[in-house]
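*Asks:*
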Amino acid sequence: MLSILLMVGAIQFGEIKACSDLSITALDTFQTRVEYLGKTPQLFADDNLKVRASLPSACSYVNSESEVKFDVTSEGQITNYKVLFEHPVRIHSRVIKRAILKTPVNKSAWGTIGNKVRVIYVQYKNKIEQTHQN
425 MLSILLMVGA
435 IQFGEIKACS
445 DLSITALDTF
455 QTRVEYLGKT
465 PQLFADDNLK
475 VRASLPSACS
485 YVNSESEVKF
495 DVTSEGQITN
505 YKVLFEHPVR
515 IHSRVIKRAI
525 LKTPVNKSAW
535 GTIGNKVRVI
545 YVQYKNKIEQ
555 THQN
């Protein structure tokens, strides 16, 4: 988790990279990070929300981020899901939505409205960024 925290400032969002691109290192396990915006409580247990997207047949990687807003019913179900921002548009929107809808919500957050979260989904790091971080 600490490694993704260090990476977030330098992640390239929306730039599609080929699997054979020598300027990147594909992550063995793609990483998901959730940021709670405004007064949104912690909705999900730490590291519980995982976005799982398969690689397209052309074998390419893309990092994406999305901001969404939704309510949580008194039974813990997510309703009124709305995408506020995504970059790149519609690349991982379905898998991010699926991950949010399937991940159990902490009981303490049941019955909350207007929750806003940013989901960051990382598939690769630039090799230049890695040398600067070491």
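Take the sequence shown: its position 130, counting from 1, is numbered 554 in my numbering, and each next residue is one higher.
Even for Gly, the Cβ is constructed at its ideal location relative to N, Cα and C.
Computed from a prediction, not measured in an experiment: that's the story for all the values here.
Nearest CA to the CA of Tyr485: which residue from Asn472, Lys506, Gln501, Ser447?
*Replies:* Among Asn472, Lys506, Gln501, Ser447, the Cα nearest to that of Tyr485 is on Ser447.
*Asks:* Taking the alpha helix (DSSP H) that Lys526 belongs to, which residues open and close that run?
*Replies:* It spans 517–526 - the alpha helix (DSSP H) in which Lys526 sits, taken as one unbroken run.
*Asks:* Just to confirm before moving on: does the CB-CB distance between Thr449 and Val475 stay below 8 Å?
*Replies:* It is not a contact, given that the beta carbons lie outside the stated cut-off.
*Asks:* How is Ser447 classed by DSSP in three states: helix, strand or coil?
*Replies:* Looking at Ser447 - three-state DSSP - the assignment turns out to be coil, as it is neither helix nor strand.
*Asks:* Measuring alpha carbon to alpha carbon, tell me which of Glu491, Arg514, Leu525, Phe509 ends up nearest Gln501.
*Replies:* When each option's Cα is compared against that of Gln501, the closest is Leu525.
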